[in-house]
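Notes follow the structure.
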Amino acid sequence: MLERTLRKDRTEVTFVLPADSPPGPVSVVGDFNNWQPGAHTLTSRKDGTRAVTIELPHKSSHSFRYLAAGDYWFNDDSAGDLDGSNSRLHT
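Per our numbering, the sequence shown starts with residue 2, numbered consecutively.
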């Protein structure tokens, strides 16, 4: 799930997943972090989910996927768009 918060000069996007599905560490990997695994690892929240927030420019589009333990890549169905085999995020 994606949560967006509009700020004066940027959009904060929070990537949210259940605490244990998939199990193990998960990071969000995309063109905004040069597809670098581990650059944005989701951490536990009090509500039982895990998340990471990144800042992106207003009115921009980005390709991304999640990377879980065991080299398991998957998309975010809530993103709404696909870019080839990747999820597509619009701010």
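Built from N, CA and C at the ideal position, the CB exists for glycine as well.
Paired residues, beta bridge with residue i - DSSP
{"i": "residue 74", "result": "68"}
{"i": "residue 62", "result": "91"}
Contacts around residue i, its chain only, beta-carbon distance under 6 Å, and the 5 residues preceding and following it disregarded
{"i": "residue 77", "result": "88"}
{"i": "residue 46", "result": "52"}
Neighbourhood of residue i by C-beta distance below 8 Å, restricted to the same chain and skipping five residues each side
{"i": "residue 59", "result": "7, 10, 11, 12, 92"}
{"i": "residue 3", "result": "14, 15, 16, 17, 77, 79, 80, 90"}
{"i": "residue 34", "result": "40, 41, 55"}
Element boundaries [beta strand (DSSP E), containing residue i]
{"i": "residue 23", "result": "Careful: residue 23 lies outside any beta strand (DSSP E) and carries neither H nor E."}
{"i": "residue 87", "result": "87–91"}
{"i": "residue 51", "result": "50–57"}
{"i": "residue 43", "result": "Looking at the DSSP string, residue 43 is not in any beta strand (DSSP E), and its letter there is neither H nor E."}
{"i": "residue 5", "result": "3–7"}
{"i": "residue 82", "result": "82–84"}
Residue i vs residue j beta-carbon contact at 9 Å
{"i": "residue 79", "j": "residue 32", "result": "no"}
{"i": "residue 38", "j": "residue 83", "result": "no"}
{"i": "residue 40", "j": "residue 30", "result": "yes"}
{"i": "residue 75", "j": "residue 23", "result": "yes"}
Contacting residues, own chain, Cβ-Cβ under 7 Å from residue i (five flanking each side not counted)
{"i": "residue 50", "result": "17, 18, 19, 20"}
{"i": "residue 57", "result": "11, 12, 14, 33, 63, 92"}
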